[in-house]
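Student: Under this note's numbering, the first residue of the first sequence carries the number 1, and numbering increases by one thereafter. Here a beta-carbon is modelled for each residue, glycine too, at the ideal position from N, C-alpha and C. First the structure, then my questions, so here it is.
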Amino acid sequence: MIDIRFLRENPEAVKENIRKKFQDSKLPLVDEVIALDEELRQNKKRADDLRANRNKISKSIGALMGQKKFAEAEEAKKLVAEQAAELAACEAKEAELNERVTNIMMVIPNIIDPSVPVGKDDSENVEVERFGDPVTPDYDIPYHTDIMEKFAGIDLDAARRVAGNGFYYLMGDIARLHSAVLSYARDFMIERGFTYCIPPYMIRAGVVTGVMSFAEMDAMMYKIEGEDLYLIGTSEHSMIGKFIDQIIPEAELPYALTSYSPCFRKEKGAHGIEERGVYRIHQFEKQEMIVVCKPEDSVVWFDKLWKNTVDMFRTLDIPVRTLECCSGDLADLKVKSVDVEAWSPRQQKYFEVGSCSNLGDAQARRLKIRIKGDDGKPYLAHTLNNTVVAPPRMLIAFLENNLNSDGSVNIPVALRSYMGGVEKLVPKS
RNA sequence: GCAGAGGUAUCGAAGUGGUCAUAACGGGGCUGACUCGAAAUCAGUUUGUGCUAACGCACACGAGGGUUCGAAUCCCUCCCUCUGCGCCA
């Protein structure tokens with residue numbers, strides 16, 4: 001959500017931004033919202049004047065009653081009654097205009113960073129940098145569930161009976177590997193100065209609508225029957241929700257937090273939920289990082305954030321690359337975003353394991369996350385978020401890249417202390 | 001889950017239908033005076049949002065409705081906190 005004052009003063013810049021995102025159908029909304037906003041302000045002025053007048057008269061009634069001038073008080077009451085209908089009409093109009101303006105502002109995309117490459121869709125995303133050699137071994141890399149099954153590490157049949165498609169049982173060494181990766185990722189981020197958090201895994205509707213659009217909510221969120229609660233789709237939801245309506249003293253910033261949570265997603269309409277395995281599933285776990293900072297610091301934080309993920313994957317001997325989201329593929333709330341992708345030797349391509357986003361002040365404006373400056377004036381914060389690691393999807397990359405020709409899986413040095421000291425996992429069959 | 005008490009600015013807290021609402025009183029913060037400096041003392045200052053060229057005006061007393069000329073105050077619904085009892089990892 002952008003500042004309507006900015007839109008009012010720079011309609012051409014907002015239109016240019018819409019064109020860059022290939023959303024030309026939204027172009028008329030700019031002039032429409034300017035006109036509606038003008039009408040809203042005029043209407044508001046009139047309503048304010050009517051309220052001011054009513055307040056004035058009401059106050060005088062109090063004085064008249066005190067002096068026992070009841071007849072005059074009755075006269076004054078009539079004056080208020082005369083304008084009551086107009087005020088009611090104004091207030092109804094105000095509410096309606098307000099809603100229309102907000103609805104439009106919600107779909108006007110955030111102003112993208114000048115560095116974002118212009119492109120129509122995900123096919124035009126731009127590889128930024130590769131880290132590590134994407135090696136292709138001379139032996140076959142099996143499908144990830146087949147690797148897991150060699151370790152008696154996954155039971156999808158039982159999961160389907162118990163919960164349906166999109167769920168999994170991880171077992172034995174594979175389950176331990178899953179927990180080890182999360183524990184390692186947690187400590188990795190703590191060492192880099194982030195504060196570890198465990199947030200609520202359910203949030204109220206009021207928080208949900210604050211952190212995502214209605215369409216996203218419908219496609220992603222599971223609702224608890226009979227309660228005003230939703231299962232979180234990522235800890236970002238409850239972590240950003242933590243700051244709703246807060247005015248944060250400047251001295252406390254930045255908040256650099258790393259949070260763990262299970263994530264629940266309906267994946268309604270998403271491609272791939274039918275695919276066998278743990279690539280796209282209804283439930284997974286994630287170590288996340290989020291930053292709330294001063295506006296001038298968000299650009300620097302953005303680079304620090306994605307580098308953390310790259311570094312973490314490199315310590316686990318997984319080749320990765322960063323892929324910059326082009327203008328057309330960038331979600332409307334985001335200023336800039338890069339995906340971290342891991343190399344899949346089986347598929348001979350990189351696939352997404354994390355996403356780093358700078359939301360600018362758009363999320364803060366919706367959620368009223370403000371900073372109190374030294375001069376006492378509050379201003380909007382900037383927010384960022386990034387995936388540290390999200391297993392079990394991450395295990396696909398881990399297993400494929402650390403698999404040996406004999407079917408054993410290397411445990412990188414960094415992870416060994418979390419795996420009881422073993423250097424490699426040897427299959428059971 | 002039941003019963004009782006409560007939710008007012010940065011904190012504590014008064015206000016229970018109008019002349020006590022930017023909000024008493026107290027603490028804290030900031031500015032200044034005194035001081036070599038500090039403490040103490042004294043004086044001033046200290047909510048947010050929207051609209052306005054400005055003066056100002058409006059809105060907000062947990063949230064949302066209602067009654068009223070007028071609501072922090074009365075009524076309804078919901079949320080949260082505390083205390084006790086019950087239940088429970």
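Going by DSSP, which residues form a beta bridge with residue 259?
Tutor: Partner residues in the beta bridge of residue 259, as assigned by DSSP, are 197, 288.
Student: Among 28, 173, 3, 298, whose alpha-carbon lies nearest the alpha-carbon of residue 418?
Tutor: With distances taken between Cα atoms, residue 418 lies closest to 173.
Student: For residue 301 and residue 291, what's the separation of their Cα atoms in angstroms?
Tutor: 8 angstroms
Student: Helix, strand or coil, according to DSSP, for residue 112 in the structure here?
Tutor: coil
Student: For residue 384 versus residue 305, is the C-beta spacing smaller than 9 angstroms?
Tutor: yes
Student: Should the segment 334 to 352 be called in touch with the segment 386 to 401, which here means at least 3 C-beta pairs below 8 angstroms?
Tutor: yes
Student: Once DSSP output is grouped into helix, strand and coil, what is the label at residue 391?
Tutor: coil
Student: Relative to the C-alpha of residue 86, which candidate in 217, 11, 50 has its C-alpha closest?
Tutor: 50
Student: Less than 9 angstroms between the C-beta atoms of residue 409 and residue 22, yes or no?
Tutor: no
Student: How far does the alpha helix (DSSP H) with residue 322 in it reach, from first residue to last?
Tutor: Premise fails: residue 322 lies in the beta strand (DSSP E), 320 to 324, not in any alpha helix (DSSP H).
Student: For residue 127, which residues from the same chain have a beta carbon less than 7 angstroms from its beta carbon, with the 5 sequence-adjacent residues on both sides left out?
Tutor: If the five residues before and after residue 127 are omitted, its C-beta is found closer than 7 angstroms to the C-beta atoms of 321, 323, all from its own chain and listed in chain order.
Student: Using 10 angstroms around the beta-carbon of residue 313, count the other beta-carbons present and answer buried if the total reaches 16, otherwise exposed.
Tutor: buried
Student: Identify every residue that forms a DSSP beta bridge with residue 410.
Tutor: The partner list for residue 410 (beta bridge, DSSP) reads 424.
Student: If you pair each beta-carbon of the segment 197 to 210 with each one of the segment 233 to 242, do three or more pairs fall below 8 angstroms?
Tutor: At 8 angstroms Cβ cutoff, the stretches touch.
Student: By Cβ distance, which residues of its chain are closer than 6 angstroms to residue 263, with the 5 residues on each side in sequence left out?
Tutor: Taken in chain order, the residues that qualify are 233, 234, 284, 286.
Student: Measuring straight from C-alpha to C-alpha, what distance separates residue 343 and residue 131?
Tutor: Straight-line measurement puts the Cα of residue 131 at about 10 angstroms from the Cα of residue 343.
Student: Which residues in the same chain as residue 318 place their Cβ atom closer than 6 angstroms to its Cβ, once the five residues preceding and following it in sequence are excluded?
Tutor: 342, 397, 401
Student: Between residue 1 and residue 362, how many whole angstroms is the CB-CB distance? I'm expecting something under 8 angstroms.
Tutor: Residue 1 to residue 362, Cβ: 5 angstroms. Contact.
Student: Which first and last residues belong to the beta strand (DSSP E) in which residue 351 is found?
Tutor: Element bounds for residue 351: 349 to 358.
Student: Can you give the Cα-Cα distance for residue 308 and residue 260, rounded to whole angstroms?
Tutor: One C-alpha to the other measures close to 16 angstroms.
Student: Spell out the partners DSSP gives residue 382 in its beta bridges.
Tutor: Residue pairing by DSSP puts residue 382 in a beta bridge opposite 293.
Student: Measure the Cβ-Cβ separation of residue 110 and residue 299 and say whether it is below 9 angstroms.
Tutor: no
Student: Looking at residue 158: is its Cβ nearer than 9 angstroms to the Cβ of residue 143?
Tutor: Going by C-beta atoms, residue 158 is not nearer than 9 angstroms to residue 143.
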